[in-house]
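In the numbering used here, the protein residues as written are 13 to 242.
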């Protein structure tokens with residue numbers, strides 16, 4: 013009798029687990045359908061070479077609500093996923109790594125700033141921003157809003173070839189599996205990129221490791237650590 017009870021409990025647990033996963037996938041599909049992609053290019057000639065934060069946010073009478081943000085390692089293209097609505101886009105070089113803008117940091121708006129209208133299922137291109145040593149307009153206050161939105165942890169850079177630490181929890185197997193059931197949520201949290209484990213060296217031959225849909229970069233840690241680098 014106990015054996016059958018255990019089997020029933022196990023089946024109920026599996027059914028609930030599958031139901032939760034399907035519910036998460038359904039929510040992700042709905043979010044994807046209702047979302048809009050924003051594309052643009054950042055140009056910066058700063059000598060500091062620090063990460064660049066690009067933020068899309070709502071500004072209602074000075075009250076800032078973060079929609080999404082992206083991280084770049086330098087000049088290049090960015091993409092941000094937002095829901096339907098009107099947004100402003102601000103970018104700054106995060107010289108002290110605190111996820112907040114300081115007036116001495118290189119920065120810039122899209123426009124002056126201009127409102128960007130995002131429609132369900134839409135795509136907006138050409139949202140280019142030039143970062144300058146002193147912004148022409150005071151930057152929005154992100155001191156608490158951006159930190160709260162990111163959970164205090166900055167996203168990985170989406171610049172191709174960015175150097176990453178594969179021990180970072182964002183690359184964990186658990187996070188990779190979660191991305192299988194909620195791919196758009198995973199994309200917003202991690203982005204999509206080809207990461208380097210060390211700075212590019214033209215004298216070396218790059219080896220590209222690709223993980224599966226439910227996998228993660230950490231699946232390759234053993235092989236990377238045991239490569240013959242001679």
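Cβ coordinates follow ideal geometry from the N, Cα and C atoms, glycine included.
From the DSSP output, in three-state form, read off residue 19 for me. The residue given as residue 19 occupies position 7 in the chain shown. Because the pLDDT at residue 19 is just 46, under 50, the model does not fix this residue reliably, and the value given afterwards should be weighed accordingly. Correct three-state label for residue 19: helix.
How is the beta strand (DSSP E) around residue 102 delimited, first residue to last? Locating residue 102 in the chain shown gives position 90, counting from the first residue. First-last of the beta strand (DSSP E) with residue 102: 97-105.
How about residue 72 and residue 96: do their beta carbons lie closer than 7 Å? Taking the first residue of the chain shown as position 1, residue 72 is located at position 60. Taking the first residue of the chain shown as position 1, residue 96 is located at position 84. Cβ atoms of residue 72 and residue 96: not closer than 7 Å.
Give the C-beta separation of residue 91 and residue 51 to the nearest angstrom, bearing in mind that I take them to be a contact with Cβ-Cβ under 8 Å. Here the question's residue 91 lines up with position 79 in the chain shown. Here the question's residue 51 lines up with position 39 in the chain shown. With a Cβ gap of about 5 Å, residue 91 and residue 51 count as contacting.
Can you list, in chain order, the residues of its chain whose CB lies under 8 Å from that of residue 88, leaving out five sequence neighbours each side? As a position in the chain shown, residue 88 is number 76, starting the count at 1. Result list for residue 88: 53, 54, 171 and 172, in chain order.
Quick check on the DSSP output: the alpha helix (DSSP H) that includes residue 157 runs from which residue to which? What you label residue 157 is simply residue 145 of the chain shown in a count that begins at 1. Counting along the chain, the alpha helix (DSSP H) containing residue 157 begins and ends at 157-162.
Can you give me the start and stop residues for the beta strand (DSSP E) that residue 120 sits inside? Translated into the one-based positions of the chain shown, residue 120 becomes position 108. Unbroken beta strand (DSSP E) run through residue 120: 119-121.
Candidates 164, 196 and 161: closest to residue 46 by CA position: Taking the first residue of the chain shown as 1, we reach residue 46 at position 34. Considering only alpha carbons, the answer is 196.
I'd like to know if the segment 75-83 and the segment 153-168 are in contact, where contact means that at least 3 CB-CB pairs between them fall below 8 Å. yes
Could you give the residue range of the alpha helix (DSSP H) that holds residue 185? The residue given as residue 185 occupies position 173 in the chain shown. Unbroken alpha helix (DSSP H) run through residue 185: 185-193.
Per DSSP, what kind of secondary structure is residue 233 in: helix, strand or coil? Translated into the one-based positions of the chain shown, residue 233 becomes position 221. DSSP places residue 233 in helix when its eight states are reduced to three.
Residue burial classification, residue 225 (beta-carbon count within 10 angstroms, cutoff 16): For the purposes of this step, residue 225 is identified with residue 213 of the chain shown, where counting begins at 1. So residue 225 counts as exposed.
Going along the chain, which residues of its own chain have a beta-carbon closer than 6 Å to the beta-carbon of residue 201, five neighbours each way excluded? On the chain shown, position 189 is the one that residue 201 refers to. If we look at residue 201 and ignore the five residues flanking it on each side, it has no Cβ neighbours.
Apart from the five residues just before and just after residue 187, which ones in its own chain have a Cβ nearer than 8 Å to its Cβ? Numbered from 1 along the chain shown, position 175 holds the residue referred to as residue 187. These residues qualify, in order along the chain: 181, 198, 201, 202 and 228.
For residue 241 and residue 219, I'd like the C-alpha separation in whole angstroms. Translated into the one-based positions of the chain shown, residue 241 becomes position 229. Translated into the one-based positions of the chain shown, residue 219 becomes position 207. Their Cα atoms are separated by approximately 11 Å.
Could you check if residue 236 is buried or exposed, using at least 16 other CB atoms within 10 Å of its CB as the buried criterion? Locating residue 236 in the chain shown gives position 224, counting from the first residue. Of the residues assessed, residue 236 falls on the exposed side of the cut-off, its CB having fewer than 16 other CB atoms within 10 angstroms.
Check each candidate in 150, 70 and 191 and name the one with the smallest Cα separation from residue 127. Working through the chain shown from its first residue, we reach residue 127 at position 115. When each option's Cα is compared against that of residue 127, the closest is 70.
Could you name the residues of the same chain whose beta carbon sits closer than 6 Å to that of residue 232, not counting the 5 residues immediately before and after it, in chain order? Numbered from 1 along the chain shown, position 220 holds the residue referred to as residue 232. Closer than 6 Å at the Cβ level, and outside the excluded window around residue 232, lie 221.
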